Every structure is written in structure tokens, then in C-alpha cells.
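Residue numbers (UniProt numbering): 1 to 271. A virtual CB, placed ideally from N, CA and C, is assigned to each residue, including glycine. Note that this is a predicted model, so its numbers are computed, not measured. Note sheet for the following structure.
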Amino acid sequence: MVEMTSVFRGVLDLTYNDESPAHLQRNYQMSTASTNSLISPIIPAFEHVPPLQSGDRLTRDEFERRYRAMPRNTKAELVEGIVYIMTPPVSADGHGVPHFEFITWLGAYRWSTPGTQGGDNASVRLDAKNEPQPDVYLRVLPSHGGQSRTSDDKFIEGAPELVTEIAASSVSYDLHEKLEVYRRNGVQEYIVWRTWERAIDWFKLVDGKFVRQMPGADGILRSAAFPGLWLEVNAMLNGDQARVESVLRQGLASPEHQLFVQRLADQAREK
């Protein structure tokens with residue numbers, strides 16, 4: 001006796017036993033082969049990607065694989081092979097406002113300096129164990145003689161000339177592990193705004209070591225990597241945007257900035 005059953009393949013199938021007529025057995029075999037050929041291509045093969053967790057010890061390649069599978073609002077870094085995940089909330093005074101002030105200051109310089117590029121929270125591939133995501137960076141473009149490069153998948157590889165970070169205090173890893181990573185990979189200048197301590201640290205790479213820079217008698221810090229990038233620290237800390245802008249404009253009008261712009265243009269022509 002032949003029974004009719006409904007199966008997961010979504011078709012009606014005939015079951016049979018050894019006593020079933022030969023023609024039913026043949027029809028069953030043909031139906032099974034046809035059905036298998038239909039359904040096998042649509043079975044999904046899902047790859048399980050573990051989520052990133054703070055403290056994970058990963059290679060850079062594995063870090064990127066897991067990062068791509070995380071929710072879009074995730075911000076994570078790989079520092080010395082260890083994963084750090086920055087989670088909201090972020091306060092205005094502790095991060096948001098200082099971050100914006102740095103972007104505005106560096107952005108104004110970039111607009112007046114062709115051949116440079118700034119960015120916010122872009123992952124930077126430094127070496128096999130380090131892929132930080134600096135709050136703000138400024139670099140000379142590869143086409144104009146810069147030390148970093150852009151990969152085929154549009155990541156920055158190598159160290160930008162200048163990196164800035166917003167840190168709560170001097171105990172932050174921005175002033176310890178990340179400082180060492182940036183130094184070792186050749187970041188020329190590293191600026192850290194310690195928001196709760198109301199201080200800005202500016203480090204310059206000298207003979208392979210980061211040396212803290214002190215303002216001149218006029219209270220102004222001047223960049224060596226980006227001539228004309230001037231900052232009056234007290235004005236920035238006190239939120240005096242007009243003074244910050246005025247000092248920067250003085251730097252942009254300086255002879256050293258004009259020479260730097262010309263040098264970048266010459267580098268681009270040579271390439």
C-alpha cells in the first residue's frame with residue numbers, strides 16, 4: 001500500500017517499501033533526485049563570527065573580521081593586540097565639546113594647506129597588533145610626500161603625522177599604551193586633551209622619543225610637523241574660540257606656513 005506524506009522539501013512525496021510496484025519506486029527516485037537538485041543551492045551557510053569583547057587578544061586581521069560583524073555604532077580599537085571598546089554615553093564636557101574644538105581647529109588649518117588631510121575616528125593600521133581609532137588625525141597625503149598611505153580598501157596604513165586624543169585624565173591608556181604605540185610607529189606629534197584635569201599635552205617625536213613641548217613666552221605651541229599650526233593652550237582650554245582662531249590665522253600667515261605649502265606642491269609635482 002502506498003502512503004502520501006508531506007515533507008520539509010515543500011513537495012508531496014511518495015513513500016514506498018520493497019513490495020511497492022517497480023514503477024512507483026522509479027518515480028520516487030526520480031522525484032527525490034529532482035527535489036534535491038532544487039533545494040541544495042538555497043541552504044544558507046552562515047559563518048559564526050564571535051563579537052568583539054574588551055580585553056580580547058587578537059591579531060589585526062581577526063580584529064577587523066569581528067569588527068565588521070559588530071553593530072554600526074560600535075567603536076573599537078586594537079592596541080598592543082588587546083581590544084578596547086568605547087561605549088556610550090559620552091559627556092559633552094568630557095569628550096564631545098573638546099573633540100569638536102580640535103576638529104574645528106585642525107579643519108581650519110587643513111583648508112588652508114593643500115596636500116593635507118584630516119579625519120575623525122578612522123581606523124589606522126599601524127602594525128600587526130595595532131589598529132587604533134584616533135579621535136582626530138592630520139596627515140600629509142601620500143601624493144604630497146606623506147609618510148602614511150591609503151590601502152586598496154581605503155584604510156590608512158602607517159602613521160599619520162599628527163594624532164590627537166581626548167582623555168579624561170593622565171591615567172588613561174591614551175597617555176600610556178597608545179602613546180607608546182604612536183611613538184613606536186612614527187607619529188610625529190601627539191596631542192592629548194586631558195579634560196578633567198584641564199590640560200593639553202603636546203608631544204613631539206625627537207630621536208625616537210616623545211618629548212613634551214612647552215608653550216613659548218607668548219603662551220603659544222607651534223607644530224613642527226605642520227608649520228603654521230599654532231595653538232594658544234589657555235584659549236582652547238577656556239573655550240575662547242575667537243582667540244584660538246586669531247592665533248591660528250597668525251600661524252597661517254607666517255613665512256614658515258607659506259614655505260610648507262610650496263614644499264607640498266613641489267612634492268606633488270615630483271610624483
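Distance CB(residue i)-CB(residue j) smaller than 8 Å
i, j, result
"Tyr84", "Leu229", "no"
"Val211", "Glu232", "no"
"Glu177", "Glu245", "no"
"Trp202", "Leu221", "yes"
"Asp120", "Val97", "no"
"Leu162", "Gly186", "no"
"Ile156", "Ser143", "no"
"Ser223", "Glu180", "no"
"Arg68", "Pro50", "no"
"Ala167", "Arg194", "yes"
Bridge partners - residue i, DSSP secondary structure assignment
i, result
"Leu78", "Val83, Glu131"
"Val49", "Val49 is not bridged to any residue."
"Arg125", "Glu157"
"Arg57", "Ile82"
"Arg149", "Glu157"
Range covered by the alpha helix (DSSP H) that runs through residue i
i, result
"Leu106", "97-111"
"Asp61", "60-68"
Span of the beta strand (DSSP E), counted from its first residue to its last, around residue i
i, result
"Arg139", "136-140"
"Gln117", "116-120"
"Val163", "162-167"
Touch test, the segment 86-98 against the segment 114-127, Cβ-Cβ under 8 Å, three pairs minimum: no
Continuous alpha helix (DSSP H) assignments of at least 4 residues falling wholly in the segment 169-256: 177-184, 233-237, 241-252
At least three beta-carbon pairs within less than 8 Å, the segment 100-119 to the segment 50-60: no
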